[in-house]
Structures are given as structure tokens and as C-alpha cells.
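Working notes for the structure below.
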Amino acid sequence: MASLESKLLDGKNAGYCSSSDEGEEQGGWQVAKDEDQHQANVMRHFGPSMNTGAKGVLNEFAAHQEQAKRIKEAKDREVLRLARKGMLQGSKAERDQAQISDNEEEESLENLRQRRLMELRKAAAGRMVEIVDKDQFTKAIDTCESLLCVLIYEPDDEMCEKMTHVCKVRA
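Here the UniProt record's numbering is used: the first residue of the sequence shown is 1, the next is one more, and so on.
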């Protein structure tokens, strides 16, 4: 006797006769046939898939990717065709708006650049400190986070005074 599950999944036993199967076929359960209208409607909703396993999913994904690629290429060809004809022109208002936004972007970039240059100049602007003993010198070297320029000079020398003036201007 065939189980209910095997009857539903496998359908009628082909090439096998059993005395216990004869009475049950007339009694109650019927297996849906391929010509069944309901089953045909359900299968139509699933699409043209032949394989529902992993290979089928991968094949359908590859087919979908290929179709999307063909559609994109067709759109690109259409855009190129229209561009060659000179038909891809926006309205005057759109062109003016695009030009205004480009100008605003350039101005904002220029303002940003100027502001950043000023910040860098302020950061680079330092101070000039006269160090008279070795403890101040070692402390200045240890605590300095940026550039430290040391000028050793003679107090009454003309060239040293010029160099001191240049250092003050640069600082």
C-alpha cells in the first residue's frame, strides 16, 4: 500500500499493480494533473523558471544581469544617437541654472581656499623669543610642536641685526 505522501508527490504508480491500490484510487484522493487549470495559473505566476534549486537561481540571476546590461546598452545607444543629431539640449532655463550653480560652486571653492590659506598663514605665523640660558633652550626644543628656528647672534653686529629683522618679519 502506497502512503499518502508518496501518492501526492509521485502520482500514480507507473508499471506497478497492487491489489491494495485498486480500492483506494476510486475512493478519495486525486493527484493534480498537468492539465489542471489551477496548477497552470500557479505555475504562470512563478515565471519561466525550469530549475528552482541553486543552479536555477544562479542561471536566472545571470539571465537577469544580461538583460539589464542589454537594456542599459540600448539606452546608451539611444542617448548617443540623439547626441549625434544634436537633440540633447536642455531648455535655456536649465542651462542658466546649471551655469549659476557652477559659478556658485567655484566661488564657494575659492572662498574655502582663501579661508584655508589664511588659517595656514596664522598657524605658520609664530613668535620670536629671546633665549638667554641653556634651560630655556632645552625647554623650547622639548615643547615645540612645529618648526623651531634658532638664531645665534652678536648683539652689536650689523649683519646680525639685519638677520634679526628678517626673522621678526618672517615670524
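Glycine included, every Cβ here is placed at the ideal spot set by N, Cα and C.
Query: Cα-Cα separation between Ala140 and Arg115, rounded to whole angstroms; Result: 30 Å
Query: Alpha helix (DSSP H) runs wholly inside the segment 54-131, at least 4 long, in chain order; Result: 54-85, 92-124
Query: Short Cβ contact (9 Å threshold) for Cys167 with Cys149; Result: yes
Query: Within 9 Å, strictly: CB atoms of Thr164 and Leu151; Result: yes
Query: Start-to-end residues for the alpha helix (DSSP H) that takes in residue 173; Result: This structure gives no information on residue 173, because the portion of the chain shown stretches from 1 to 171.
Query: Reduced DSSP category for Cys149 - H, G, I as helix; E, B as strand; rest coil; Result: coil
Query: Through-space distance from Leu120 to Asn111, alpha-carbon basis; Result: 14 Å
Query: Leu147 to Gln97 span [Cα, whole Å]; Result: 47 Å
Query: Alpha-carbon to alpha-carbon, Lys72 and Asn59; Result: 20 Å
Query: Check: Leu120 C-beta below 8 Å from any heavy atom of the ligand PLP; Result: This structure does not include the ligand PLP; it has no bound ligands of any sort.
Query: Range of the contiguous alpha helix (DSSP H) that encloses Cys167; Result: 158-170
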